[in-house]
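Here the structure comes first, spelled out in structure tokens, and everything after it is commentary.
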Amino acid sequence: QVQLVESGGGLVQPGGSLRLSCAAFGIFFSMYDMGWYRQAPGKQRELVAAITSGLSTNYADSVKGRFTISRDNIKNVVHLQMNSLKAEDTAVYSCNAHWKIRGVSYWGKGTLVTVSS
Numbered sequence: 228q229v230q231l232v233e234s235g236g237g238l239v240q241p242g243g244s245l246r247l248s249c250a251a252f253g254i255f256f257s258m259y260d261m262g263w264y265r266q267a268p269g270k271q272r273e274l275v276a277a278i279t280s281g282l283s284t285n286y287a288d289s290v291k292g293r294f295t296i297s298r299d300n301i302k303n304v305v306h307l308q309m310n311s312l313k314a315e316d317t318a319v320y321s322c323n324a325h326w327k328i329r330g331v332s333y334w335g336k337g338t339l340v341t342v343s344s
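Using this note's numbering, the final residue of the sequence shown is 344, and nothing's skipped along the way.
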């Protein structure tokens, strides 16, 4: 059974930091491109950061220089380190696993990040 389980969300003050984690179960993790997406109230879901199976990364312009995505192919975990958080970073953050060649994609249920004073 495939599961992506996010953790690490919560309430943080502007300027603070959080580290999100997504643990993957039931997939050949190293073969998947992994991504963090977010959806704020009333807005469309957007890609925040992604890391490919080959360890290439890309980021949304709004988070470049503040967020860092990384993966551990031994522990089957992908992390999102978020620094200098802003109110506009408030959203539900979801993890995605995508195996491009097979056209397979899985989603976690998400974790809420609230940036507020």
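Backbone N, C-alpha and C define an ideal beta-carbon position, used for all residues, glycine too.
- Leaving aside the five residues that flank G253 on each side, the residues in its chain whose CB is nearer than 8 Å to its CB run, in chain order, Q228, V229 and Q230.
- Residues T317 and A318 of the same chain have their beta carbon placed closer than 7 Å to that of A267, with the five preceding and five following residues left out of the count.
- Shortest Cα-Cα distance from H325 to any of G281, S343, M258 and E315 involves M258.
- Assigned with DSSP and collapsed to three states, A267 falls in coil, not helix or strand.
- Linking T279 to T295 through their CA atoms gives a straight-line distance of about 14 Å.
- Rounded to the nearest angstrom, the Cβ distance from A250 to M261 is 11 Å, too far for a contact under 8 Å.
- In the DSSP annotation of this structure, the continuous segment of the beta strand (DSSP E) that includes V305 starts and ends at V304 to M309.
- In this structure R246 is exposed. Its beta-carbon is surrounded by fewer than 16 other beta-carbon atoms within 10 angstroms.
- When DSSP states are grouped into helix, strand and coil, F256 belongs to the helix group.
- Between K336 and E233 a beta carbon distance of about 7 Å is seen, short of the 8 Å cut, so the two are scored as contacting.
- When the beta-carbon positions are compared, N310 and R298 stay at least 8 Å from each other.
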